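Participant: If you scroll down you'll find the structure; I have some questions about it.
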Amino acid sequence: PPELWPERTGITALAPGLRDFFCAPELPRDWSLLRASLPPAANLGLLLRWSTGLAQIEDYYQTDACSRSSILHTWELAVPELLGSSPHVSLAPVEPSCASGGRHTLESTVTVFPFFLRRESRGPFLGKSELLRIFHWLNRNLADLLPEIDDSERAVLARKIHIGQPVLLTSGDAEERAVLRLAIGAALVTRVAGDLRLGATLAARQQWLRAQIQVTRAKLDLAIEHYDTLLARD
91 PPELWPERTG ITALAPGLRD FFCAPELPRD WSLLRASLPP AANLGLLLRW STGLAQIEDY
151 YQTDACSRSS ILHTWELAVP ELLGSSPHVS LAPVEPSCAS GGRHTLESTV TVFPFFLRRE
211 SRGPFLGKSE LLRIFHWLNR NLADLLPEID DSERAVLARK IHIGQPVLLT SGDAEERAVL
271 RLAIGAALVT RVAGDLRLGA TLAARQQWLR AQIQVTRAKL DLAIEHYDTL LARD
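With this note's numbering applied, the sequence shown closes on residue 324, and no number is skipped along the way.
Laid out in structure tokens, this is it:
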């Protein structure tokens, strides 16, 4: 609202550091003082991200609505069942942004699952720095770091898995609490809906999706169970 415009609240410049993320053309023309404090060049990175994002959004909404809904509900049920059954995982409470049964399936389904990790079933949760290390391990082939384990486990460690990086939930003097995140996005929904290389039928492709959750849980479990060894050898 106009009463909160920067000129009316005494704000003449963005906080230090934000100049690295914003350019003058991104702000309203009436915010002349703020615009004058920012670089005049266009934010090409933002333009490229939106171009890519719009392409994925268009692909998503061109996908059959019933297939999209089925995939999202498969995800919503499978993550608590498969990932949540790990003794090292504690899913954080999360609710969809809209009530169940709403008109918008995407908003009435849980697509992002934050979760805590612990090394022992009743032990303390891992901190952000430890989660960041595991996040990087998930993205790498770790098979050569544990040659002594069996071939099936080494095959899991060889998989490169990308999930949401750790987020710190607390601040100040509060006990540190941080989570990793497992999410499904438009690109993955579109792929499961139509990529026949994953399976000849939608049901088969949804089984493929469940398998990806299972292997994510398996690699997380192995990384935690062999945490000290991996840390020493990495």
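Using N, Cα and C, we set each Cβ at its ideal position, and we do this for glycine too. Quick caveat: nothing in here was measured; it's all calculated off a predicted structure.
Hey, is the region 238-255 in contact with the region 221-230, meaning 3+ C-beta pairs nearer than 8 Å?
Facilitator: yes
Participant: For Val257, which residues of its own chain have a beta-carbon under 6 Å away from its beta-carbon, when the five flanking residues on both sides are left out?
Facilitator: Translated into the one-based positions of the sequence shown, residue 257 becomes position 167. Here the set comprises Val269.
Participant: Between the C-alpha atoms of Arg125 and Ala105, what's the straight-line distance to the nearest angstrom?
Facilitator: For this step, residue 125 is matched to residue 35 along the sequence shown. For this step, residue 105 is matched to residue 15 along the sequence shown. Computed Cα separation, rounded: 13 Å.
Participant: So for Val279, helix, strand or coil by DSSP?
Facilitator: Counting from 1 along the sequence shown, the entry for residue 279 is found at position 189. Helix at Val279.
Participant: Could you pull the start and end residues of the beta strand (DSSP E) that Ala182 belongs to?
Facilitator: Taking the first residue of the sequence shown as position 1, residue 182 is located at position 92. Segment: none, Ala182 is in no beta strand (DSSP E) and carries neither H nor E.
Participant: First and last residue of the alpha helix (DSSP H) that includes Pro204?
Facilitator: As a working mapping, residue 204 is identified with position 114 in the sequence shown. Looking at the DSSP string, Pro204 is not in any alpha helix (DSSP H); the run it does join, the beta strand (DSSP E), is 202-207.
Participant: DSSP on Pro256, reduced to helix/strand/coil?
Facilitator: By 1-based counting over the sequence shown, the position of residue 256 is 166. If DSSP states are grouped into helix, strand and coil, Pro256 belongs with the strands.
Participant: Can you tell me which of Ser180, Leu232, Pro177, Val200 puts its alpha carbon nearest to the alpha carbon of Ser187?
Facilitator: For this step, residue 187 is matched to residue 97 along the sequence shown. Comparing Cα-Cα distances from Ser187 to each of Ser180, Leu232, Pro177, Val200, the minimum goes to Val200.
Participant: So is Trp165 buried or exposed if we call it buried at 16+ other beta carbons inside 10 Å?
Facilitator: As a working mapping, residue 165 is identified with position 75 in the sequence shown. Trp165 should be labelled buried.
Participant: Going by beta carbon distance, what residues of the same chain come within less than 7 Å of Pro177, once the five residues before and after it are set aside?
Facilitator: Within the sequence shown, the letter at position 87 stands for residue 177. Cβ neighbours of Pro177 beyond the five flanking positions: Ser211.
Participant: Can you name, in chain order, every residue of its own chain whose Cβ lies under 8 Å from the Cβ of Arg300, other than the five neighbours on each side?
Facilitator: Working through the sequence shown from its first residue, we reach residue 300 at position 210. Residues Thr164, Ala168, Leu172 of the same chain have their beta carbon placed closer than 8 Å to that of Arg300, with the five preceding and five following residues left out of the count.
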